[in-house]
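Going by the numbering used here, the first residue of the sequence shown is number 42, and it counts up by one from there. Built from N, CA and C at the ideal position, the CB exists for glycine as well.
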Amino acid sequence: MLAMRAGQSHRLLRVGEALRHALSDILMRGDLRDPALEGASVTVTEVRPSADLRHATVYIMPLGGKDTDEVLDGLARSAGYLSSHAAQRVRMKFFPKLIFRLDPSFDTADRIEKLLRDPRVARDLEHEQTPPDEE
Numbered sequence: 042m043l044a045m046r047a048g049q050s051h052r053l054l055r056v057g058e059a060l061r062h063a064l065s066d067i068l069m070r071g072d073l074r075d076p077a078l079e080g081a082s083v084t085v086t087e088v089r090p091s092a093d094l095r096h097a098t099v100y101i102m103p104l105g106g107k108d109t110d111e112v113l114d115g116l117a118r119s120a121g122y123l124s125s126h127a128a129q130r131v132r133m134k135f136f137p138k139l140i141f142r143l144d145p146s147f148d149t150a151d152r153i154e155k156l157l158r159d160p161r162v163a164r165d166l167e168h169e170q171t172p173p174d175e176e
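Shown next as structure tokens:
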């Protein structure tokens, strides 16, 4: 379920989700001719349209997290193709300019997981969960 961010309306969330779905479908078909994208499996994790709907930041993650810079460059080169095909699926007065970014949430989740596996943190968590001895 989509969590509402501060300052985002339901309309922006709906538009972002419609764009995410359309872009995911287009990328899944694999019609892009860019060499950096051939054979690359890309997940569109989120699309955040600007308040005026003129720009949309598309957060992506290549499968396996490999060649991220090359994939981002390939998507930037293919933005016109992606926009024209997505505009056929999502009807809008003005279609937003697509800006591709790597989704930082995967790195954040990895860092948190590594922290939780740290023996010192595990010891502290275990210490918090044991009830204090009553005297």
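| Asked | Found |
| --- | --- |
| Measuring straight from C-alpha to C-alpha, what distance separates D110 and A77? | 9 Å |
| Following a CB-centred definition, is T84 positioned closer than 7 Å to any heavy atom of the ligand FMN? | Annotation note on the ligand FMN: not contained in the displayed structure, which lists no ligands. |
| So is M42 buried or exposed if we call it buried at 16+ other beta carbons inside 10 Å? | Only weak support exists for where M42 lies, its pLDDT of 38 falling under 50; the value from the coordinates is given anyway. Per the 10 Å Cβ criterion, exposed. |
| By the three-class DSSP mapping on this structure, what secondary structure does V162 have? | helix |
| Going by DSSP, what residue range makes up the alpha helix (DSSP H) through E58? | 51–70 |
| Name the two residues that bound the continuous alpha helix (DSSP H) containing L113. | 109–118 |
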